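Read the structure below first, then the notes.
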Amino acid sequence: MATTNSDTVNIPVIDLSPSNPHASSELLDAAAHYGFVFIANDPSTTGLSTAEINEMFSLSKQFFSSPFEIKEEVSIASNQAGKNVGWLSQGIEKLDPTTQKRPDIKEAFNIGEPIRNQLPQPLPQPLQPHAQTLISFQNKCHALCQTILTHFATALEIEKDWFTTRHGQSKGPSGTVFRLLYYPAAEKPPTAGSANGDDIRAGAHSDFGSITLLFQQRGQPGLEIRTPKGEWAAVPVDPPTGSPPTHEPSGIRDSGESRQTAETGALPILVNIGDLLEDWTAGLLKSTVHRVIFPKQAENKETTGKVAGGDGKKGAGDRYSLAYFCHPLDEAELEPVPSRRVEEYAAAAAAAAAGGGGKDGRSKGGLRRSVVKGDGRVMTARDHLMERLGATYTVK
Numbered sequence: 282m283a284t285t286n287s288d289t290v291n292i293p294v295i296d297l298s299p300s301n302p303h304a305s306s307e308l309l310d311a312a313a314h315y316g317f318v319f320i321a322n323d324p325s326t327t328g329l330s331t332a333e334i335n336e337m338f339s340l341s342k343q344f345f346s347s348p349f350e351i352k353e354e355v356s357i358a359s360n361q362a363g364k365n366v367g368w369l370s371q372g373i374e375k376l377d378p379t380t381q382k383r384p385d386i387k388e389a390f391n392i393g394e395p396i397r398n399q400l401p402q403p404l405p406q407p408l409q410p411h412a413q414t415l416i417s418f419q420n421k422c423h424a425l426c427q428t429i430l431t432h433f434a435t436a437l438e439i440e441k442d443w444f445t446t447r448h449g450q451s452k453g454p455s456g457t458v459f460r461l462l463y464y465p466a467a468e469k470p471p472t473a474g475s476a477n478g479d480d481i482r483a484g485a486h487s488d489f490g491s492i493t494l495l496f497q498q499r500g501q502p503g504l505e506i507r508t509p510k511g512e513w514a515a516v517p518v519d520p521p522t523g524s525p526p527t528h529e530p531s532g533i534r535d536s537g538e539s540r541q542t543a544e545t546g547a548l549p550i551l552v553n554i555g556d557l558l559e560d561w562t563a564g565l566l567k568s569t570v571h572r573v574i575f576p577k578q579a580e581n582k583e584t585t586g587k588v589a590g591g592d593g594k595k596g597a598g599d600r601y602s603l604a605y606f607c608h609p610l611d612e613a614e615l616e617p618v619p620s621r622r623v624e625e626y627a628a629a630a631a632a633a634a635a636g637g638g639g640k641d642g643r644s645k646g647g648l649r650r651s652v653v654k655g656d657g658r659v660m661t662a663r664d665h666l667m668e669r670l671g672a673t674y675t676v677k
């Protein structure tokens with residue numbers, strides 16, 4: 282079992298603007314060392330303004346504060362199996378089915394990728410007037426993902442469109458999902474400030490797809506990643522700018538370090554690698570296991586009696602986040618990327634494994650799947666997604 286580290290992992294913040302000629306190599310290094318990287322959110326580069334992100338959080342809060350009956354109308358249980366869209370109430374999802382005693386303490390609303398400028402599902406009443414806003418936000422998220430994938434291709438010295446053509450939304454369906462997430466406040470203070478007990482907001486897991494964009498809010502901590510040493514380390518919501526790229530892969534900094542980002546400025550966007558991209562790169566890019574916990578009790582409480590939110594390691598108030606899970610086209614085959622760097626990494630990893638080394642504490646044992654199915658076919662993106670969804674949801 283992973284132990285908890287009280288420090289904060291030093292994930293770099295990378296500038297993707299044309300003024301940074303090293304963006305591609307810095308992205309690849311971060312993805313290879315950490316599996317996570319912050320992207321500086323300059324709207325001229327990311328395409329996403331602070332106002333647009335704040336509006337999305339506002340819509341999310343409107344939905345989750347709606348009466349049960351309204352949310353139940355768009356329950357994921359009301360859809361045909363495999364669609365992976367709709368509302369998930371508490372108790373539906375268990376992200377760590379092997380060791381988790383109880384389901385995740387969260388609600389979620391999954392929105393499928395737009396098809397010909399239309400959403401593939403009915404929206405709940407609070408969101409119906411905002412369909413085009415949701416579509417626009419998803420399109421901008423996808424464009425940012427394509428930019429990131431192009432940087433990876435550049436750093437791997439393969440055709441720049443190798444990844445993007447396999448994520449082209451106009452070419453067919455994919456498992457891409459935009460998820461609104463709500464983690465309710467703790468009714469009573471967490472006893473240990475970690476996930477050592479039975480209750481956890483989101484169990485230990487790695488993401489299913491290629492890359493994930495995560496949008497967070499200040500004062501709402503709780504995300505942790507598993508380090509190569511097998512320890513849990515907190516991921517800051519608002520990291521210092523100018524973090525060193527990735528030359529210290531196990532680098533940890535004291536979570537009390539002062540932030541350099543202005544309190545009113547745009548938070549960086551957190552990006553993490555998913556299982557499919559790890560498989561595609563033969564393990565060079567890391568799909569790091571992560572979880573969301575109830576942080577330690579804040580010193581002060583809100584008038585409601587619930588534990589107040591805080592910064593850093595404090596607080597177990599409400600947590601809201603937005604996650605864009607970018608997946609390849611359903612029929613994309615998970616064959617290794619034709620990159621010399623990938624080939625060299627795969628050969629070195631195989632040699633290390635043969636010698637009894639190469640173990641990495643951030644990986645979740647038994648979670649990774651072979652890219653070749655039992656019948657000899659190369660696994661497709663849809664094959665992989667359906668397998669993972671079946672092990673995660675308890676919807677009947």
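Residue numbering for the sequence shown follows our numbering, beginning at 282 and increasing consecutively. No residue lacks a Cβ here, since even glycine has one placed at the ideal position from N, Cα and C. Please read these numbers as outputs of a predicted model, since none were measured by experiment.
#1: What's the C-alpha gap between Lys681 and Asp556?
#2: Assign Phe489 to one of three DSSP states: helix, strand, or coil.
#3: Taking its Cβ as the centre, do 16 or more other Cβ atoms sit within 10 Å of Thr289, making it buried, or is it exposed?
#4: Restricting to Cα atoms, I'd like to know which of Ile550, Pro302, Asp560 is closest to Asp323.
#5: Nearest by alpha-carbon distance to Glu388: which of Thr445, Ile396, Ile373 is it?
#6: Near Phe606, which residues of its chain fall below 6 Å by C-beta distance, leaving aside the five closest residues on each side in sequence?
#7: Please report the Cβ distance between Arg600 and Gln501, rounded to the nearest whole angstrom; I am assuming they are in contact, meaning their Cβ atoms lie under 8 Å.
#8: Which word fits Gln409, buried or exposed, when buried means at least 16 other C-beta atoms lie within 10 angstroms of its C-beta?
#9: Specify the secondary structure class of Thr331 as computed by DSSP and reduced to three states.
#10: Pull up the distance between the alpha-carbon of Pro454 and that of Asp611, whole angstroms please.
#11: In the structure shown, what three-state DSSP assignment does Gly484 receive?
#12: Could you pull out every residue in the same chain whose Cβ sits closer than 8 Å to the Cβ of Lys441, ignoring the five residues on either side in sequence?
#13: Hey, how far is the Cα of Ala476 from the Cα of Arg397?
#14: My guess is that Leu615 and His665 are in contact by the Cβ rule of under 8 Å, so how many angstroms apart are they, rounded?
#15: According to the neighbour-count rule (16 or more other Cβ atoms, all chains shown, within 10 Å of its Cβ), is Arg669 buried or exposed?
#16: Using a Cβ-Cβ cutoff of less than 7 Å, which residues in the same chain neighbour Phe418 once the five nearest sequence positions on both sides are dropped?
#17: When we look at the beta-carbon of Ala604 and count the other beta-carbons within 10 Å, is it buried (16 or more) or exposed?
#18: Grab me the residues of Ala483's own chain with a C-beta within less than 7 Å of its C-beta, minus the 5 sequence neighbours each way, in chain order.
#19: Can you give me the Cβ contacts of Gly367 inside the same chain, cut-off strictly under 8 Å, excluding the 5 residues immediately before and after it?
#20: Under 6 Å Cβ to Cβ from Ala485, same chain only, skipping five residues before and after it: list those, please.
#21: Taking the alpha-carbon of Arg447 as reference, which of Glu624, His608, Ala629 has the nearest alpha-carbon?
If we stick to the structure as given:
#1: Because residue 681 is not part of the residues shown, which for the chain are 282 to 677, the question remains open.
#2: coil
#3: buried
#4: Ile550
#5: Ile373
#6: Val458, Gly490, Thr493
#7: By a beta-carbon distance limit of 8 Å, Arg600 contacts Gln501. Their separation comes to about 4 Å.
#8: exposed
#9: DSSP, reduced to helix, strand and coil, places Thr331 within a helical segment of the structure shown.
#10: 6 Å
#11: It is a strand residue.
#12: Thr431, Ala434, Thr435
#13: Summary for Ala476: the model assigns pLDDT 47, below 50, so the residue's position carries little reliability, and this model does not support an answer.
#14: 7 Å
#15: Buried is the call here.
#16: Glu333, Met337
#17: buried
#18: Leu376, Asp385, Lys387, Arg572, Val573
#19: Val355, Ser356, Ile357, Ala358, Ser359, Asn360, Phe390, Asn391, Gln402
#20: Asp377, Val570, Arg572
#21: Considering only alpha carbons, the answer is His608.
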